[in-house]
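Since the structure comes first, as structure tokens, the remarks are kept for the end.
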């Protein structure tokens, strides 16, 4: 593990913070916020370029904190870092419920600003359980979703609820096998969630505005697109790739995409009229084109099988993790051509980790907690540096914001690693 220099231990009732003394609250470097799942443009890409990609010694650990089990990623906005975790109920009673928490920290120091908590199932089913959706920040409010279906709009200054809904009651659906893990999506004045219907709530009041046809919910999130002068939403559920009109949820097009064990878990990647989807369990990937109200298949193969973490797209090539958790030793970091699906290269020893892109550099977090920087190239794998930053199971994608790298493991250990260069854009 990385070591923090000059650290102060601050005890809170449910957590332990290690704060780097040299970095006071609100002392943020210039850079870019990451306010929701997959970042500001919902593509896993940060616009920051002037950060430290190479190191001889492991980068410094600024602070760390325990947040409880879960897979919720991180949202960084206006000096705040928001995420979720679960405190396990150790009772032997069947269906014992623990405590979910939404945490808000100072993103520079790790100081706890507030937390919001409520009773919720852990849903430990072949994994640690706990929250899987990532908070979505919009100005003075943040939206969160629990595995059991608690949808909250909270104030970012103090965590007080503005409104809340319970999806199983609202939408007349049952909690899916792996729970509700779709990260809320903001589109204009609507908050979109995937929960057995694609559902749109009024972002200010929580009123249900529309819902699509019913289907088996997937475990990815919706993404907006625009085609032929029309705003749409795309989601990969457990039955099909579904495209609907953003204004009212009416179907534009759909195409079947079923998977072993019903585990479609990624968010579509949209480029103009093309939609890339990928699933694990040897299902593979496909590129489809929307034309005349139909989705036409350009290719389908098994060269990229994302179990649950998305690829990133750069200069016509996709970089992502190909493989499954049950066969993690054979999972690889892979590069394929976006237009043809042709595999360019693959590199082992990542497990079923995750990939984000910052400027012109890939950041790979292996599922065993090693951070690797890679120069993206379709020609070959070009590693720059690597360092151990976590010890636990890491299925959650990291976040780079204002030169600081945030990452968590399934057990709830959250770290902030200093990747700031002398000058950060």
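Numbering (my numbering), first residue to last: 838 to 1262.
The beta carbon of each residue, even a glycine, is placed where N, CA and C say it ideally should be.
These numbers were taken from a predicted model, which means no experiment stands behind them.
**OP:** Please report the residue range of the alpha helix (DSSP H) in which residue 1004 lies.
**Re:** Taken as a continuous stretch (DSSP letters only), the alpha helix (DSSP H) holding residue 1004 covers 1004-1008.
Subject >> Top-ranked residue by Cα proximity to residue 953, from 944, 966, 972, 882 >> reply: Looking at the Cα atoms, 972 is the closest of the given residues.
Subject >> Contact under 8 Å by Cβ, residue 1113 with residue 1175 >> reply: Yes, the Cβ-Cβ distance between residue 1113 and residue 1175 is below 8 Å.
**OP:** Quick one: residues in its chain with C-beta nearer than 6 Å to the C-beta of residue 1132, no 5 flanking neighbours on either side, listed in chain order?
**Re:** Spatial neighbours of residue 1132 in its own chain (CB-CB distance under 6 Å, excluding positions within 5 residues in sequence) are listed in chain order as 1090, 1092, 1125.
Original post:
With burial defined as no fewer than 16 other Cβ atoms inside 10 Å of the residue's Cβ, what is the status of residue 1221: buried or exposed?
Top reply: Result: exposed.
Original post:
Among all the DSSP beta bridges, which residues are the ones paired with residue 904?
Top reply: According to the DSSP secondary-structure assignment, residue 904 is paired through a beta bridge with no residue.
Subject >> Residue environment, residue 961, which counts as buried when at least 16 other CB atoms sit within 10 Å >> reply: By the Cβ neighbour-count rule, residue 961 is exposed, with fewer than 16 other Cβ atoms within 10 Å of its own.
**OP:** Within its chain, find whatever has a CB closer than 7 Å to the CB of residue 1136; leave out the 5 residues flanking it on each side and keep chain order.
**Re:** These residues qualify, in order along the chain: 1123, 1124, 1177, 1178.
Original post:
For residue 1080, which of 892, 1128, 1042 has the nearest alpha-carbon?
Top reply: The candidate whose alpha carbon is nearest that of residue 1080 is 1128.
**OP:** State the DSSP-derived secondary structure class of residue 937, mapped to helix, strand or coil.
**Re:** Reduced to three states, the DSSP call for residue 937 is strand.
Subject >> Cutoff 6 Å; reference residue 1073; Cβ partners in own chain excluding five residues on either side >> reply: Within its own chain, the residues whose Cβ lies closer than 6 Å to the Cβ of residue 1073, once the five positions on either side in sequence are excluded, are 1055, 1057, 1101, 1105, 1114, listed in chain order.
Subject >> Own chain, CB closer than 8 Å to residue 1154, minus 5 neighbours either side, in chain order >> reply: Exclusion of the five residues before and after residue 1154 leaves 1172, 1173, 1174, 1175, 1181, 1213, 1215 as the residues of its chain whose Cβ lies within less than 8 Å of its Cβ.
Original post:
In terms of alpha-carbon separation, which member of 909, 899, 1257, 871 lies closest to residue 1245?
Top reply: It is 909 whose Cα lies nearest to the Cα of residue 1245.
Subject >> Neighbour-count burial assignment, residue 1066, 16 or more Cβ in a 10 Å radius >> reply: By the Cβ-count criterion, residue 1066 is exposed, with fewer than 16 other Cβ atoms from all chains shown falling within 10 Å of its own Cβ.
Subject >> Expected contact under 8 Å - CB spacing of residue 1264 and residue 883 to nearest Å >> reply: Here the chain covers residues 838 to 1262 and nothing more, so residue 1264 does not appear.
Original post:
So is residue 1069 buried or exposed if we call it buried at 16+ other beta carbons inside 10 Å?
Top reply: Residue environment: residue 1069 is assigned as buried (16 or more neighbouring CB atoms within 10 Å of its CB, all protein chains considered).
Original post:
Can you find at least 3 beta carbon pairs, one from the stretch 1031-1038 and one from the stretch 1000-1011, that sit closer than 8 Å?
Top reply: Using a C-beta cut-off of 8 Å, the stretch 1031-1038 makes contact with the stretch 1000-1011, since at least three inter-stretch Cβ pairs fall below that distance.
Subject >> The beta strand (DSSP E) enclosing residue 1225, as first and last residue numbers >> reply: It spans 1219-1225 - the beta strand (DSSP E) in which residue 1225 sits, taken as one unbroken run.
**OP:** Answer yes if the stretch 1187-1205 comes into contact with the stretch 1227-1237, meaning at least three C-beta pairs across the two stretches below 8 Å, and no otherwise.
**Re:** For the pair of segments examined, the stretch 1227-1237 was found to touch the stretch 1187-1205: the number of CB pairs separated by less than 8 Å reaches three.
Subject >> Span of the beta strand (DSSP E), counted from its first residue to its last, around residue 1259 >> reply: Note, residue 1259: premise wrong, no beta strand (DSSP E); not H, not E.
**OP:** Can you say whether residue 1119 is buried or exposed, counting buried as having 16 or more other CB atoms within 10 angstroms of its CB?
**Re:** Under a 10 Å Cβ-count criterion, residue 1119 is classified as exposed, with fewer than 16 other Cβ atoms of the shown protein chains found around its own Cβ.
Subject >> Alpha-carbon to alpha-carbon, residue 1047 and residue 1183 >> reply: Roughly 43 Å separates the two Cα atoms.
Subject >> Segments of 4+ residues assigned as alpha helix (DSSP H) that fall wholly inside the stretch 1028-1108 >> reply: Entirely contained in the stretch 1028-1108, not one alpha helix (DSSP H) run reaches 4 residues.
Original post:
Since residue 819 is in the beta strand (DSSP E), which residue starts that stretch and which ends it?
Top reply: Because the chain spans 838 through 1262 in this model, residue 819 falls outside it and cannot be assessed.
Original post:
Does the Cβ of residue 1167 have 16 or more other Cβ atoms within 10 Å, making it buried, or fewer, making it exposed?
Top reply: Residue 1167 should be labelled exposed.
Original post:
Where residue 1030 and residue 1021 are concerned, what is the direct C-alpha to C-alpha distance, given to the nearest angstrom?
Top reply: One alpha carbon belongs to residue 1030, the other to residue 1021, and they sit about 5 Å apart.
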